[in-house]
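>
Residue numbers (this note's numbering), protein chains in the order written: chain A, 8 to 287; chain B, 15 to 269.
#1: At the 8 Å Cβ level, is residue 222/B part of the contact set with chain D, yes or no?
#2: Show which residues of chain B have a CB atom less than 7 Å away from the CB atom of residue 277/A.
#3: Can you tell me whether DSSP reads residue 159/B as helix, strand or coil?
#4: 8 Å is my cut-off, CB to CB: does residue 184/A come that close to chain B?
#5: Tell me the rounded alpha-carbon separation between residue 207/B and residue 38/A.
#6: Just to confirm before moving on: does the CB-CB distance between residue 40/B and residue 41/A stay below 8 Å?
#7: Quick check on the DSSP output: the beta strand (DSSP E) that includes residue 239/B runs from which residue to which?
#8: What does DSSP give as the partner residue(s) for residue 258/B in the beta ladder?
#9: May I ask which residues mark the beginning and end of the beta strand (DSSP E) holding residue 134/A?
#10: CA-CA distance, residue 234/A and residue 97/A?
#11: Please report the straight-line C-alpha distance between residue 159/B and residue 230/B, rounded to a whole angstrom.
#12: Taking C-beta pairs closer than 8 Å, name the residues in chain A that residue 205/B reaches, listed in chain order.
#13: Am I right that residue 284/A and residue 256/A are in contact with their C-beta atoms under 8 Å? What's the rounded C-beta distance?
#14: With a threshold of 8 Å between beta-carbons, can residue 226/B be considered close to chain A, or not?
#15: So with CB distances below 7 Å, who are the chain A contacts of residue 104/B?
#16: Going by DSSP in three states, residue 250/B sits in which element: helix, strand or coil?
#17: What three-state label does DSSP hand residue 265/A in the structure shown?
#18: So, under 8 Å CB-CB, residue 220/B and residue 87/B are touching, yes? Tell me the CB distance rounded to an integer number of Å.
#19: Which partner residues of residue 250/A appear in the DSSP bridge assignment?
#20: Within 10 Å of its beta-carbon, does residue 225/B have 16 or more other beta-carbons around it, so buried, or fewer, so exposed?
#21: Interface residues of chain B around residue 177/A at Cβ under 9 Å?
#22: For residue 240/A, which three-state DSSP category applies?
#23: At a cut-off of 7 Å, would you count residue 213/B as near the ligand COA, judging by its Cβ distance to the nearest heavy atom?
#24: At 3 residues or longer, what runs of the beta strand (DSSP E) sit wholly inside the stretch 108-139 of chain B?
#25: May I have the straight-line CA-CA distance separating residue 55/A from residue 73/A, to the nearest angstrom?
#26: Cβ atoms of residue 260/B and residue 80/B: under 8 Å apart, would you say?
#27: Might you give, ordered along the chain, the residues of its own chain that have their beta carbon closer than 6 Å to the beta carbon of residue 126/B, omitting 5 neighbours on each side?
#28: Throw me the rounded Cβ distance for the residue 135/B and residue 244/B pair, which I believe falls under 8 Å.
#29: Are residue 177/A and residue 197/B closer than 8 Å when you measure CB to CB?
#30: When Cβ atoms are compared, which residues of the stretch 150-174 of chain B fall closer than 9 Å to chain A?
#31: Can at least three beta-carbon pairs, one atom from the stretch 110-129 of chain A and one from the stretch 152-166 of chain A, be found at a separation below 8 Å?
#32: Rounded to the nearest angstrom, what separates residue 94/B and residue 246/B at their Cα positions?
#33: Would the stretch 95-113 of chain B count as touching the stretch 162-178 of chain B if we require 3 or more Cβ pairs under 8 Å?
#34: Less than 8 Å between the CB atoms is what I'm expecting for residue 217/A and residue 162/A, so what's the real figure, rounded?
#35: Report yes or no: do three or more beta-carbon pairs, one from the stretch 271-281 of chain A and one from the stretch 74-85 of chain A, lie closer than 8 Å?
#36: Are the stretch 184-191 of chain A and the stretch 206-216 of chain A touching by the rule of at least three beta carbon pairs closer than 8 Å?
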């Protein structure tokens, strides 16, 4: 575990200092000539395949998930330096509970170990951390640690990192409807007519979404070459540029992000026009 | 004072030259990206031509049975090209896919639905009062026309259907975090408001960008999404390649 942490910090250290830092600032300076996305979302796919690559024929270990964490930290740092205000990562889907219980436990333990490290990174860069999803199925220790991390970073407003755990879009939509129903019942129980005609409006649902803390993503990046959203940000992705990369998530590099942003800049005028048409 | 003025002038010109260099670098980067896409596009066009001629063996047999329901998202500006839309549908039907959903953001295809349906003998309009399973078993062609109003707005209308159920159940508004509604209840509510329908296995996006333009969120959980480029540049070979690629995908569904 200590070796993995050192390897992770080395990756982060290489990110944050030296010649690579100067080169990166030059690249970011060029990118900033064009529009910079306000919100980038990541579907972090490929961790188990990375694990099998590093550990062929071995039992399930958490190496892939640990490497995934450091890849996320690197991406968050790049986005922070570039001026991307919102970053969202799909860490754990409700559907992932269907995996073998030992695999789920390994993933949970891996995430729990990372909370302290994530808190250090978030405080260093003044990034607020928010967990989106239904934390109910997790054990008390996980829930308490997640709440503690959110409280420790609640005061930061420059950047937001949203980590989706026990999240699916369908669950998010149902949750928003349930919250809206409860609010309408509490507020207007005497005013609801027998038809219940259009009492819940679209904006009621929007404000009760787990992802109401951030604007819709400009780019959704999925690794491992897959071309689907897998129940992630389906509601929020109407105007998002969808980007699929063949690289495995733990192996994602700066140039992958730069390429995604260049593609976004190329299509930005079109996506902006579509957004304005929807508002009209 | 003369020195500070010179310093300001130097700074001004340094910034100006720096900005010009940055802009030139940005345009150069984008020119390189454009050239890469152009080259890739030429290669794809050639491959598509070879596939259309049946010269690439691996594309000759497609496991079409893997596609129960196909959705085609068309950029609204292209949706008025009805002849292109009809041609595309003819290709899809010729490949053996009979159940198709056509989506465009502004509902332009909905206005052309009679014209499109006339071109296909025996094609019926998808009625969401039908059971999805029964419909998909039918051999005849079904066409569904969907727009943005069948997405988020439909969910809001369905939410009101669920609200009435919630009130009738005598709920007090303090359920303390328990789940009240299920996926199937929501799917039923969407059918009630006229926006039900099966989840497509594959979405083909015909437009300038890889963006689903608001396709109903409830219906695309595990749907593969492939970007095909603008409708005016559509090619039969690209369609076959996209379907072939879909049939080789393996999904874990979260497991």
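Beta carbons are placed, not taken as given, at the ideal position from N, Cα and C, and that holds for glycine.
Let me spell this out:
#1: You won't find chain D in this structure, because its protein chains are A and B.
#2: 222 and 223
#3: strand
#4: yes
#5: 46 Å
#6: yes
#7: 238-243
#8: Residue 258/B pairs with nothing; no bridge assigned.
#9: 134-139
#10: 15 Å
#11: 12 Å
#12: The premise fails here: residue 205/B is roughly 16 Å from chain A at the closest Cβ pair, so nothing lies under 8 Å.
#13: That belief does not hold up - the Cβ atoms of residue 284/A and residue 256/A are roughly 34 Å apart, past 8 Å.
#14: yes
#15: Going along chain A, no residue has its Cβ under 7 Å from residue 104/B, so there is no contact; the nearest lies around 25 Å.
#16: helix
#17: helix
#18: 7 Å
#19: 228/A
#20: buried
#21: 197, 200, 231, 232 and 235
#22: coil
#23: In terms of ligand content, the structure shown is empty, and the ligand COA therefore cannot be addressed.
#24: 113-117
#25: 11 Å
#26: yes
#27: 96
#28: With a Cβ gap of about 29 Å, residue 135/B and residue 244/B do not count as contacting.
#29: yes
#30: 162, 165, 166, 167, 169, 170, 171, 172, 173 and 174
#31: yes
#32: 11 Å
#33: no
#34: Incorrect: roughly 21 Å between the Cβ atoms, too far for contact.
#35: no
#36: yes
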